[in-house]
């Protein structure tokens with residue numbers, strides 16, 4: 116399958132700080148690829164290099180089969196970009212902004228059609244300053260789509276949005292993905308990556324630490340569920356050994372996280388083990404294993420940057 | 003959809019949807035012209051000069067003699083009262099009421115000095131001195147030579163400077179702060195269209211703001227452009243470009259609006275004071291003139307005064323036009339070279 120993006124040995128340094136530390140990536144045509152990682156992992160730096168806004172310290176970058184060097188004008192015609200937190204002009208209307216962005220592209224879509232697919236038709240004559248956070252983000256995506264791009268970059272499209280606005284935005288992006296538009300998305304919400312992305316690269320401290328479909332990555336945990344508990348006094352690692360149905364135990368903050376493939380066996384066994392050690396249960400929860408658990412399993416930290 | 007046209011429209015819409023910007027550009031200079039015009043033209047009655055006559059045997063006679071001059075506002079006071087009235091400039095001259103005439107006044111105050119001569123004249127004549135020549139006073143109030151005539155070109159120059167610098171410098175830094183510049187840099191937009199849209203929009207604002215002041219001055223104070231309208235237009239356009247260049251330079255790498263505001267005030271403040279907006283730059287001592295004359299606002303104001311007040315044509319203002327044009331090219335070129343989109 117042809118590649119929309121290929122990156123080899125990408126390094127970017129800001130002075131002494133290495134933001135991107137040797138990343139390799141391949142994004143195929145027609146897929147939605149997610150860069151998932153905590154704040155400061157190097158996601159935005161990577162994306163801005165791919166968008167031609169930053170020149171990397173080292174590494175080879177090809178976008179739509181071309182390098183940025185000497186092809187910038189032609190490439191920009193074919194890319195759609197939504198930056199992290201751009202405030203477009205306050206006192207222009209939604210439709211005026213989309214028309215403005217349309218005018219920069221030699222070919223593209225009808226601004227009114229884009230406003231309809233972005234759910235902004237009712238707001239087309241409203242000033243940008245009157246929009247909600249979710250509407251502003253949908254406008255940013257409308258501006259990225261109006262040039263009918265061959266490749267779409269979405270940098271943290273839902274950061275700072277409330278859950279309702281986030282779901283509305285997922286519908287807009289999900290539509291685009293279903294229609295087969297190649298898409299590179301960065302996020303630190305695992306649920307977003309699981310919902311929208313065909314494949315995901317988990318990025319931490321400037322490196323790709325895992326790559327695969329969300330299902331593959333979760334499958335590598337060795338269990339389908341995660342059991343999280345706290346106790347008083349805290350249990351030690353040896354005290355948890357040999358629990359049936361548990362494939363991995365990991366201590367994060369003041370809790371234990373157990374990766375579990377047979378919850379019906381693991382839960383009674385755990386309760387019995389606590390009783391034997393005279394420990395009282397202070398918290399207990401189980402959930403379906405997610406990309407967040409993959410990140411915790413690989414780094415010992417959560418995606419939101421705790422611990 | 004032409005990108006340049008869309009960019010220009012965006013600039014115009016953003017400006018005309020901002021009430022504060024409209025006031026500072028059109029309202030403020032008009033209000034200033036009105037206030038200063040009224041304060042300094044004084045209507046048809048010359049302001050009367052406050053004078054006191056102090057106690058003494060001839061006090062009432064002198065009051066009577068001086069009251070014959072309608073330009074004087076004469077009061078009879080005690081010596082101590084007269085001294086206290088010097089504070090706050092409630093009188094500028096005190097005349098003694100005794101046999102020997104003495105004048106108390108501040109000789110460094112031109113108004114007091116003039117009052118002393120006027121009063122002395124009046125008293126000498128009353129005492130019997132006759133004039134050797136018959137003279138007649140003809141007050142100058144013809145358009146072109148009043149204070150308001152001096153003021154209006156200065157206000158035009160000041161407005162061209164501040165609106166060009168704020169309109170370019172502040173707007174660019176604001177767009178950079180919001181990452182709008184970065185977003186635009188990521189589109190196929192041509193850089194020349196972006197810069198062009200700022201300069202074209204500036205020309206539209208310039209035409210309307212200069213016209214507002216000049217039409218207002220014409221209608222309310224009868225201030226005419228005595229010389230070539232073309233020369234005044236060229237001076238305004240090229241002057242605006244020079245200040246737009248300074249604004250671009252100030253904004254080329256600045257990321258905070260506070261910094262760019264400070265930077266631009268640093269550039270503009272000295273010119274507000276030195277370049278002859280409200281009073282002539284020639285009041286400053288000779289050694290300062292070599293520094294004041296080449297300032298862009300001095301060049302613009304002096305050029306505009308030559309055209310509006312003295313009837314100069316385009317040929318008479320080639321020197322300031324050339325100097326401002328060179329400055330515009332140099333600042334715009336440097337500003338573009340240093341410009342950062344992120």
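Protein chains in written order, with this note's numbering: chain A, 116 to 422; chain B, 3 to 344. Cβ atoms here follow ideal geometry from the backbone N, Cα and C, with glycine treated the same way.
Contact residues of the stretch 176-204 of chain B toward chain A are 180, 181, 182, 184, 185, 187, 188, 189, 190 and 191 (C-beta to C-beta distance below 7 Å). The stretch 327-336 of chain B makes contact with the stretch 233-249 of chain B, as at least three CB pairs between them are under 8 Å. Around the beta carbon of residue 137 of chain B, a 10 Å sphere encloses fewer than 16 other beta carbons of the protein chains shown; the residue is thus reported as exposed.
For residue 119 of chain A, no Cβ of chain B is located within less than 8 Å of the residue's own Cβ. The closest CA to that of residue 228 of chain B, considering only B:269, B:261 and B:310, is found on B:310.
Per DSSP, reduced to three states, the secondary structure at residue 52 of chain B is strand. In the DSSP assignment, residue 195 of chain A falls within the unbroken beta strand (DSSP E) covering 194-197. Here the stretch 286-304 of chain A lies against the stretch 126-145 of chain A, with 3 or more beta-carbon pairs under 8 Å apart. Residues 346, 347, 348, 349 and 350 of the same chain have their beta carbon placed closer than 8 Å to that of residue 394 of chain A, with the five preceding and five following residues left out of the count. Restricting attention to beta strand (DSSP E) runs no shorter than 3 residues, the stretch 370-418 of chain A encloses them at 370-375 and 395-403, ordered along the chain. Interface criterion met: the Cβ of residue 20 of chain B is under 8 Å from a Cβ in chain A. Within the stretch 315-339 of chain A, no residue has a Cβ lying closer than 8 Å to any Cβ of chain B. Residue 133 of chain A places its beta carbon less than 8 Å from that of residue 321 of chain A. The secondary-structure analysis by DSSP pairs residue 136 of chain A across a beta bridge with A:126. Here the stretch 262-280 of chain A lies against the stretch 233-249 of chain A, with 3 or more beta-carbon pairs under 8 Å apart. Under the 10 Å beta carbon count, residue 305 of chain A is surrounded by 16 or more other beta carbons and is classified as buried.
In the three-state scheme derived from DSSP, where H, G and I count as helix and E and B as strand, residue 300 of chain A is classed as strand. For residue 149 of chain B, the enclosing alpha helix (DSSP H) stretches over residues 149-167. Per DSSP, the continuous alpha helix (DSSP H) segment holding residue 193 of chain B begins and ends at 193-223. In this structure, DSSP gives residue 246 of chain A a state outside helix and strand, which the three-state scheme calls coil. Close to chain A, meaning a Cβ-Cβ distance shorter than 8 Å, are the following residues of the stretch 10-40 of chain B: 11, 12, 15, 16, 19 and 20. Per DSSP, the beta-bridge partners of residue 107 of chain B are B:95.
Chain-ordered, the chain A residues with CB closer than 7 Å to the CB of residue 8 of chain B read 214, 215 and 218.
Per DSSP, residue 314 of chain A is one residue of the beta strand (DSSP E) stretching across 314-319. If you check the CB distance, residue 70 of chain B and residue 99 of chain B do not come in under 8 Å. One finds nothing in chain A with a Cβ atom closer than 8 Å to the Cβ of residue 141 of chain B; even the nearest lies about 51 Å away. A Cβ of chain A is located within less than 8 Å of the beta carbon of residue 5 of chain B. Identification of chain B residues near residue 196 of chain A by a Cβ-Cβ cut-off of 8 Å yields 185, 188 and 189, ordered along the chain.
Listed as beta-bridge partners of residue 322 of chain A by DSSP are A:319. The shortest C-alpha to C-alpha distance from residue 319 of chain A to any of A:364, A:384, A:411 and A:170 is the one to A:411.
The count of Cβ pairs closer than 8 Å, one atom from the stretch 207-225 of chain A and one from the stretch 12-19 of chain B, reaches three, so the stretches are in contact. According to DSSP, residue pairing for residue 189 of chain A in a beta bridge does not occur. Counting along the chain, residue 331 of chain A sits inside the alpha helix (DSSP H) bounded by residues 329-334.
Contact annotation: residue 249 of chain B and residue 194 of chain B have beta-carbon atoms that are not nearer than 8 Å. Of all C-beta pairs linking the stretch 208-219 of chain B to the stretch 18-36 of chain B, three or more are shorter than 8 Å, placing the two stretches in contact. At a cut-off of 8 Å between beta carbons, residue 188 of chain A contacts chain B.
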